[in-house]
Amino acid sequence: MPSMPSTKGLSAIGLCLAVSFLAADAGAAKVPIAFAPTLGANPTRTQQKLATLEGKLPASFALPASLVTMKAGAIDLSFFPEISATLTRAGTSATSPAMTWPAPSPALCTKHAAFVVPAALLAPGASETCKAAGAAIGEKLAPATTTACRDVEQPERYVLGAPPAVVDDTTTGSIESLIGLAGEALSHYPPQTGLLPADFVPTLRSIVWKLRRPALAKQLASARASYQQAIGVLGAQPSCFDAGARTALLASLNALDGELMNAEGHLTKIETTGKATSDQELVCLAAHGRTRAALPFPALTAEERKFAAFWLGGIYWRMRGGGLIPLGQTQKARTYFCEKPFRRIGDLAGGAKGEEAGYRMFLNIFDGWGEWMDMGTTPGGQDLYEDLVQMTDRGRHQVADTPSPVSGIPIPGLGITSAVAYLDKENYDTTPLTTGGLEMGPCYAYALNALSDFRYADVPMAPYNGSLIEGFTAIGEFCTGASIALGLTESLLGGTTSGASTVPLCKNRQCGDDGCGGSCGSCAAGTTCNTDGACVTCTPSCAGKTCGGDGCGGSCGACAGADGGSPGPG
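Counting in the numbering used here, the sequence shown runs from 886 upward without gaps.
Written as structure tokens, this is what we have:
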């Protein structure tokens, strides 16, 4: 059975909150780029632009301490950990084999995989009435019925039913349909195994199970009803069927029904566990005097919402730039591949206010960045350093500047504020969102320096007439969209100030985990922490042991192999 998602989202929320309350100091970095002030064709001008960029940021702004620094020649570039890990994998995945898709599954539906209707089901000389009964059984056991279990076991298979390359309000109108639209295209381009994180498949499946829970439950119920109807026909007209074949089919149908019951139980467990984690996240927020609005799909955890934002934000921002499904109209691409996805991403992490923030972020997409995206590679243009500074500022502009009226583009209420200003007013911490915007420059610079030869899905395949990644600017687009989407999601998931007193996580607890990635303390020697968080007297024992712990925090001695040799028995 697929592994359940972990509760690492709790510590991630704690980290996000910790970052939210970090006080900026004079030495804290404000931009995710750093290089010697003497570098560049015109270092004085470059440093002036860098100072201007820093001056546009709030005086209290400081980059999150969790960012990871990566080298691009003589430049230090900082990224969200998820971005850094993805860029690193892209640089090392060239020799890994292509993954199997849909991914291999655990044994949830083994009986369905082996099931066939007996070839000689009808008794010899069957009447027309019996033939009709046999046909009815065949109808009830058609592939559409018997694939229900596999569609639960491999929930990503649903994207195969998405209309290829059809872009409209329906196919971009929900998180589920956005996954379907991009997923159908990418199903033709299995990535190398090293390109995706190790938990990609189980995390994606957990998300899809939760998004499609009603549809999957309906499939299972319909399949179970069909099995019962087939069993009813076999029972009502036994003389129509070969006795041995009838007995075997009845046994098979009962076994298949059992697998469907297990599949339903699996979905219920996934949903229940996810809801418990999501509820605990609210407890962790309350501990810091914060709260967040009720979100769609309550069983989705914070980590899963970030995962969906990261991959959808990156893929669709690249599609906006002409990847996979070029639409031939810039404004159409902006609407379907930027506005609609970022509205949905915002809604997934922040409800109605998140959707509004996603829309406000989109409104600055009309201001281009073509003169800087080459990162100094165009003869006669600016050099790498100036382009990097201005692309970094362009990313800040995307999320933090008041949108300007655009000819032919209706903006409700002139003077509408930026995504950052809107969320600031609503008491969200916008540090992650601002950081996501600022990573636009680093995205392009790192791609040019380390990934200029990387290619993925670079050969168009009908009906798709565009490639996804065919050069460093395409990587820059993916990285930018993923960074902004991730920053937006982290700002929204961090919630708003609740006005209520903080909730002590360790109330009435002396020890153990506080449920949010922290500790309520440890117990003194001779005592141990019980499940209620109390330190209780403990009797140490080394009976039957030559090494290891004594059950009370003490030691029974060192085991052989502790310095690298063979481990001894405990």
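C-beta: ideal position from N, C-alpha, C; glycine also.
No experiment lies behind these values; they were computed from the predicted model shown.
Rounded to the nearest whole angstrom, the C-alpha separation of residue 1267 and residue 1335 is 20 Å.
In the displayed model, residue 1161 falls within a helix according to three-state DSSP. For residue 1225, same chain residues with a beta-carbon under 6 Å away, outside a window of 5 residues either side, are 1057 in chain order. Beyond the five residues adjoining it in sequence on each side, residue 1333 comes within less than 6 Å, by CB distance, of 1260, 1357 in the same chain, given in chain order. At the C-beta level, residue 1369 and residue 1400 stay beyond 8 Å of one another. Contact between the stretch 969 to 983 and the stretch 1077 to 1087 is present: three or more C-beta pairs spanning the two stretches fall below 8 Å. Contact between residue 1191 and residue 1374 holds: their C-beta atoms lie close to 5 Å from each other, under 8 Å. For residue 1405, the secondary structure class from DSSP, reduced to helix, strand or coil, is coil.
Within 10 angstroms of the beta-carbon of residue 1326 lie 16 or more other beta-carbons, which makes it buried. Residue 1145 sits close to residue 1109, with the two beta carbons spaced by under 8 Å.
Within the stretch 942 to 1017, the beta strand (DSSP E) runs of at least 3 residues that lie entirely inside it are, in chain order, 953 to 957, 960 to 964.
Here residue 1256 is exposed: its Cβ has fewer than 16 other Cβ atoms, across all protein chains shown, within 10 Å. Contact between residue 1442 and residue 1431 holds, since their C-beta atoms are separated by about 6 Å, short of 8 Å. For the options 1174, 1038, 1308, 1270, the alpha carbon positioned closest to that of residue 1237 is the one of 1308. A Cβ-Cβ contact shorter than 8 Å links residue 1349 with residue 1210. Under the three-pair Cβ rule at 8 Å, the stretch 1011 to 1027 counts as touching the stretch 1109 to 1125. Here DSSP, grouped into helix, strand and coil, assigns residue 1347 to coil. When secondary structure is reduced to three states using DSSP, residue 1368 falls in the helix class. CA-to-CA, the gap between residue 1242 and residue 1223 works out to about 13 Å. In this model, residue 1312 and residue 946 are separated by some 15 Å (Cα to Cα). Between the stretch 1384 to 1393 and the stretch 1211 to 1219 there are fewer than three inter-stretch CB-CB distances shorter than 8 Å, so the stretches are not counted as touching.
Residue 1380 places its beta carbon less than 8 Å from that of residue 1175. In this structure, residue 1367 keeps its C-beta atom at 8 Å or more from the C-beta atom of residue 1206. Taking the Cα of residue 1173 as reference, the smallest distance to any Cα among 1158, 1387, 954, 1371 is reached at 1387. In the displayed model, residue 1421 falls within a strand according to three-state DSSP.
Residue pairing of residue 1126 in beta bridges, as defined by DSSP: 1007. Straight across, the Cα-Cα distance linking residue 1193 with residue 1117 is about 44 Å. Secondary structure of residue 919 (DSSP, three-state): strand. For the set 1423, 1444, 1352, 1402, the Cα lying nearest the Cα of residue 1074 is the one of 1352. Rounded to whole angstroms, residue 1360 and residue 1100 show a C-alpha spacing of 35 Å. Its chain contains no residue whose beta carbon lies nearer than 8 Å to that of residue 1136 once the 5 sequence neighbours on both sides are disregarded. If you look at residue 1328, you'll find it in the alpha helix (DSSP H) that goes 1325 to 1335.
By the Cβ criterion, the stretch 979 to 994 is in contact with the stretch 1033 to 1051, since at least three pairs of Cβ atoms, one from each stretch, lie closer than 8 Å.
With fewer than 16 other CB atoms across the displayed protein chains lying within 10 angstroms of its CB, residue 1404 is exposed. With a cutoff of 8 Å on beta-carbon distance, residue 934 and residue 1274 are scored as near each other. With 16 or more other CB atoms across the displayed protein chains lying within 10 angstroms of its CB, residue 1104 is buried.
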